[in-house]
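Q:
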Amino acid sequence: MRARVLLLLLAVAHCHQLTPSVRPFGRVAPVRVRLSPLAIASDAESTAFEARREAAVASGLDEDATSLGSVVRREGELVVLEPPVGCEPADGSLVAFADGGVGAVLFCRVGLAFATQLSGPAAVLGEAASRGAGNLTLPLPAPDEAWAGEMSVRSLLATAGRGGGGGAVFEERVPQARRVPIGKPLHTGVTAVDALAPIGRGQSMLLLAPETLPSASGSAALASRMLSGAAQFAPEVKRVVVTTAEGAEAAQRSEWGDGSRLLVAESDAELVVAAQAACSMAQRAGGDALVVVDDLAPLLRLWRAAVRVGEELGRVVRPEEEGSMLRGFYSCLTERAHRRLGGESVTLLLLQPSPSVRASGAAALDAFALGDFEAAGFSQRALGRLRALEAKGIALTPPVLEKLGIPAPGSGHPRADGGRAAGAHVEELTSLVDGHIELSEPLAAAGRSPPIDPTQSLTRIGVGSTKLRPTASSAAMRAVTRALRLELASAADPVACEPAQRIRADACISVLQQPDTTPVSLGEQVALLSAATDGLLDEAVHTRDAAATDQLLRDLLAAVSAAAPELLPKVSRSGELTEAQAAELRGHTREFLAREEGQTG
109 MRARVLLLLL AVAHCHQLTP SVRPFGRVAP VRVRLSPLAI ASDAESTAFE
159 ARREAAVASG LDEDATSLGS VVRREGELVV LEPPVGCEPA DGSLVAFADG
209 GVGAVLFCRV GLAFATQLSG PAAVLGEAAS RGAGNLTLPL PAPDEAWAGE
259 MSVRSLLATA GRGGGGGAVF EERVPQARRV PIGKPLHTGV TAVDALAPIG
309 RGQSMLLLAP ETLPSASGSA ALASRMLSGA AQFAPEVKRV VVTTAEGAEA
359 AQRSEWGDGS RLLVAESDAE LVVAAQAACS MAQRAGGDAL VVVDDLAPLL
409 RLWRAAVRVG EELGRVVRPE EEGSMLRGFY SCLTERAHRR LGGESVTLLL
459 LQPSPSVRAS GAAALDAFAL GDFEAAGFSQ RALGRLRALE AKGIALTPPV
509 LEKLGIPAPG SGHPRADGGR AAGAHVEELT SLVDGHIELS EPLAAAGRSP
559 PIDPTQSLTR IGVGSTKLRP TASSAAMRAV TRALRLELAS AADPVACEPA
609 QRIRADACIS VLQQPDTTPV SLGEQVALLS AATDGLLDEA VHTRDAAATD
659 QLLRDLLAAV SAAAPELLPK VSRSGELTEA QAAELRGHTR EFLAREEGQT
709 G
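Each residue of the sequence shown is one higher than the last, beginning at 109 in this note's numbering.
This is the structure we're talking about:
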């Protein structure tokens, strides 16, 4: 044990001695010193650590401050390096290969550096590598340039200012001392988002959706609606979207595409670079900025490739250590969201595929038997509910399972036969961000638009009891949504739910329903939510179908605007709803509904 500790101290001291005096991106040094889990886990792992250390000393690599060892593996886009033990390069460090190629480090894991090659001859196994001149920079637009247009990440990398001018890609995260609490909302115009999971300026929000959802109900469609709302109601917020070529084409056709900066990535490694570059652009721009990364799946693919390489090279870690390292990997992006002392902010909207509750391929059946769930290892709680249904003669069909919230066997869902590992990356991501919105397959099938699951969607900003706690929503929105989540939750239990609760919940759901993609102003949202949560819409919605209800709500807004033309715009501008305004709003709503009842009666 003493020998292991001594070796670790020598490694740390060695890296500090060899650290250059350059301070790129505000870092203390371009070398990041980490204590590998392999060095503290077990005797066998410690022996392997010491063997690698001795090999490094014998080869003379640790005598060269610039050495990154050599290429030990090629894995798709990744060039895997084994730097001297304890001296891993920082993300974004440039790599100079012996045969003239240039690369950049994307991330490190278990003592290995995973880089992408930028130019020159393809690096080969055994080729020596050393630190390049500085860190990756790109010719990013200056803050005063026109904030619009499409940029190819591949083209930027081909003309990158490597170690010289241009903008730093992997910027140092803003320290806590320079951050302030989030206190200003970013209005999206999507009522279900602004009411259930509001976004504050400087917040990170995760948007989860199964890839099996119809395109009109998926995460990309909802993100587009949110961007349209931000463009309409907060035009001062600069927008940067990281996407693919297909996503860029859709953006150019959208209402928010004009005035947005698009970074187009053509590979997984390019998307990692693009996401960091987008955050750096937003941070340099000043004011408020919104960064949207429309698919985090490439990050997970790269991480899984790194895990596979590590295991093949004998770098096996315990599950709890893997979770910690995965959080560190994702936090390099999620922690770029912030609100600074001067009031400037970077808001992140990250789109992540989530597991489907539906079986696919040969596993997709019209009905399942109880034995299918037992063989798949479902929980006793789930099996108990299924036995009760089977005893009543109810077939275990996919629609029945979706109503119960039970994934189908063969879906690979973490709560089904996929096991916890199947959803570990989503769990870790969710633990890092300030909020998450989850889209539901059953709700989409039931016609909800957008199909946001209220039980799985929330914002953590504002949770607490102190008077100075941060908040992501306006005072007006908070005033009309205090009981909203409770009303929806009460109706979610079909056994304990009273008829009156079901009627009230249906009224609330009706105002969250927004099939028309046109963004809704804060004042209009407040008017509808006030009517629903105050119980004024209970009977009106209960006696109408979906189409008639939608028309009723449109007519209600028109009637309020006609009776008090300045009321709703004033609420939108101020973000406040005074007692007098709330009373006036209820009065106009009651008058309208009374006229409607008289006409229909």
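Glycine included, C-beta positions come from ideal geometry on N, C-alpha and C.
#1: Can you check DSSP and say which residues form a bridge with C216?
#2: Please classify P507 as buried or exposed, where buried requires at least 16 neighbouring CB atoms within 10 angstroms.
#3: Does the pairing of the region 421 to 435 with the region 375 to 393 give three or more beta-carbon distances under 8 Å?
#4: Can you give me the C-alpha to C-alpha distance between R160 and G422, rounded to a whole angstrom?
#5: Would you tell me roughly how many angstroms separate the C-alpha atoms of E510 and A615, rounded to the nearest one?
#6: By how many angstroms is the C-alpha of A414 removed from the C-alpha of G200?
#7: Apart from the five residues on each side of it in sequence, which residues of its chain come closer than 6 Å, Cβ to Cβ, to V136?
#8: For E546, which three-state DSSP category applies?
#9: Would the region 672 to 686 count as touching the region 577 to 590 if we require 3 or more Cβ pairs under 8 Å?
#10: Figure out for me which residue from T351, A445, A328, L226 has the closest Cα to the Cα of Q311.
#11: Jot down the residue ranges of each uninterrupted alpha helix (DSSP H) in the region 361 to 449, minimum 4 residues, whole runs only, in chain order.
#12: Looking only at DSSP bridge pairs, what is Q460 linked to?
#13: Which partner residues of A236 appear in the DSSP bridge assignment?
#14: Given that a residue counts as buried once 16 or more other Cβ atoms are within 10 Å of its Cβ, and exposed if not, what is V619?
#15: Nearest by alpha-carbon distance to G479: which of P406, P517, R448, S462 is it?
#16: Have a look at the DSSP bridge pairing and note the partners of Q204.
#17: Counting only the same chain and skipping the five closest in sequence on each side, list residues whose C-beta sits under 6 Å from that of Q384.
#18: Would you kindly report the start and end of the unbroken beta strand (DSSP E) that includes T351?
#19: From what residue to what residue does the beta strand (DSSP E) around L619 run?
#20: Is it true that the region 469 to 488 meets the region 343 to 361, where meeting means three or more beta-carbon pairs spaced less than 8 Å apart?
#21: So, do the region 483 to 501 and the region 357 to 371 have three or more beta carbon pairs nearer to each other than 8 Å?
#22: Compute the distance between the beta-carbons of G531 and S565, then report whether it is under 9 Å.
#23: Quick one: give me the first and last residue of the alpha helix (DSSP H) that S680 is part of.
#24: From which residue to which residue does the beta strand (DSSP E) around S260 run?
#25: Taking 9 Å as the threshold (C-beta atoms), are F700 and L664 in contact?
#26: Look at the alpha carbon of T761 and the alpha carbon of V348, and state the distance between them as a whole number of angstroms.
#27: Could you check where the alpha helix (DSSP H) with L478 kicks off and where it finishes?
#28: Quick one: Cα of I514 to Cα of R523, how far?
#29: Relative to the alpha-carbon of S439, which residue among G450, L458, V424, G451 has its alpha-carbon at the smallest distance?
#30: Note down, in chain order, each residue of its chain lying with its Cβ closer than 8 Å to the Cβ of T299, except the 5 sequence neighbours on either side.
A: Let me spell this out:
#1: Position 108 of the sequence shown holds residue 216. Beta bridge pairing from DSSP links C216 with A221.
#2: Taking the sequence shown and counting its residues from 1, one reaches residue 507 at position 399. P507 should be labelled exposed.
#3: Taking a cut-off of 8 Å for Cβ pairs, the region 421 to 435 and the region 375 to 393 do not touch, as fewer than three such pairs fall below it.
#4: Along the sequence shown, read from residue 1 onward, the residue named residue 160 stands at position 52. Along the sequence shown, read from residue 1 onward, the residue named residue 422 stands at position 314. Unreliable positioning characterises R160 in this predicted model, as indicated by a pLDDT of 48, which lies under 50. A coordinate reading is not provided.
#5: Counting from one through the sequence shown, the residue named residue 510 turns up at place 402. Counting from one through the sequence shown, the residue named residue 615 turns up at place 507. Those two C-alpha atoms are separated by around 22 Å.
#6: Residue 200 sits at position 92 when you count from the first residue of the sequence shown. Residue 414 sits at position 306 when you count from the first residue of the sequence shown. For the pair G200 and A414, the Cα-to-Cα distance works out to about 17 Å.
#7: What you label residue 136 is simply residue 28 of the sequence shown in a count that begins at 1. Any reading at V136 must be qualified, since the residue scores a pLDDT of 31, below 50, and its modelled position is unreliable; the value itself is stated next. Within the same chain, V136 has no close Cβ partners at all.
#8: Locating residue 546 in the sequence shown gives position 438, counting from the first residue. It is a strand residue.
#9: They touch, by the three-pair rule.
#10: Position 203 of the sequence shown, counted from the first residue, corresponds to residue 311. The residue with the shortest Cα to Cα distance from Q311 is A445.
#11: Correct list: 376 to 393, 405 to 420, 427 to 442.
#12: Position 352 of the sequence shown holds residue 460. BP columns for Q460 point to L316.
#13: Counted from its first residue, the sequence shown places residue 236 at position 128. As a beta-bridge residue in DSSP terms, A236 pairs with S178.
#14: Working through the sequence shown from its first residue, we reach residue 619 at position 511. By the 10 Å Cβ count, V619 comes out buried.
#15: Translated into the one-based positions of the sequence shown, residue 479 becomes position 371. If we check each option's Cα against that of G479, P517 comes out closest.
#16: Taking the sequence shown and counting its residues from 1, the one referred to as residue 204 is at position 96. Per the sequence presented here, residue 204 reads as Ala, with Gln not at that position. Answer is V210, S238.
#17: To locate residue 384, count along the sequence shown from 1; it is residue 276. Answer for Q384: V277, F278, listed in chain order.
#18: As a first step, residue 351 is located in the sequence shown; it is residue number 243 there, counting from the start. From DSSP, the beta strand (DSSP E) with T351 extends over 346 to 351.
#19: Taking the first residue of the sequence shown as 1, we reach residue 619 at position 511. A small fix is needed here, since residue 619 is Val in this sequence, not Leu. No beta strand (DSSP E) contains V619, which is instead part of the alpha helix (DSSP H) from 607 to 620.
#20: Output reads no: the region 343 to 361 does not touch the region 469 to 488.
#21: No, the region 483 to 501 is not in contact with the region 357 to 371.
#22: Here residue 531 refers to the residue found at position 423 when the sequence shown is read from its first residue. Here residue 565 refers to the residue found at position 457 when the sequence shown is read from its first residue. Between G531 and S565, the gap from beta carbon to beta carbon reaches 9 Å or more.
#23: Residue 680 sits at position 572 when you count from the first residue of the sequence shown. Start and end: 675 to 682.
#24: Within the sequence shown, residue 260 is the residue found at index 152, counting from 1. Where S260 is concerned, the enclosing beta strand (DSSP E) starts and stops at 257 to 260.
#25: If you number the sequence shown from 1, residue 664 lands on position 556. If you number the sequence shown from 1, residue 700 lands on position 592. Less than 9 Å divides the Cβ of L664 from the Cβ of F700.
#26: A query on residue 761 cannot be resolved here, the shown segment of the chain reaching from 109 to 709 and no further.
#27: Here the question's residue 478 lines up with position 370 in the sequence shown. Annotation: the continuous alpha helix (DSSP H) that includes L478 extends over 478 to 483.
#28: Position 406 of the sequence shown, counted from the first residue, corresponds to residue 514. Position 415 of the sequence shown, counted from the first residue, corresponds to residue 523. I514 and R523 have their C-alpha atoms roughly 8 Å apart.
#29: The residue given as residue 439 occupies position 331 in the sequence shown. From the listed residues G450, L458, V424, G451, the smallest Cα separation to S439 is found for L458.
#30: The count along the sequence shown starts at 1 and reaches residue 299 at position 191. If we look at T299 and ignore the five residues flanking it on each side, its Cβ neighbours are V619, L620, Q622, V628, Q633, L636, L637.
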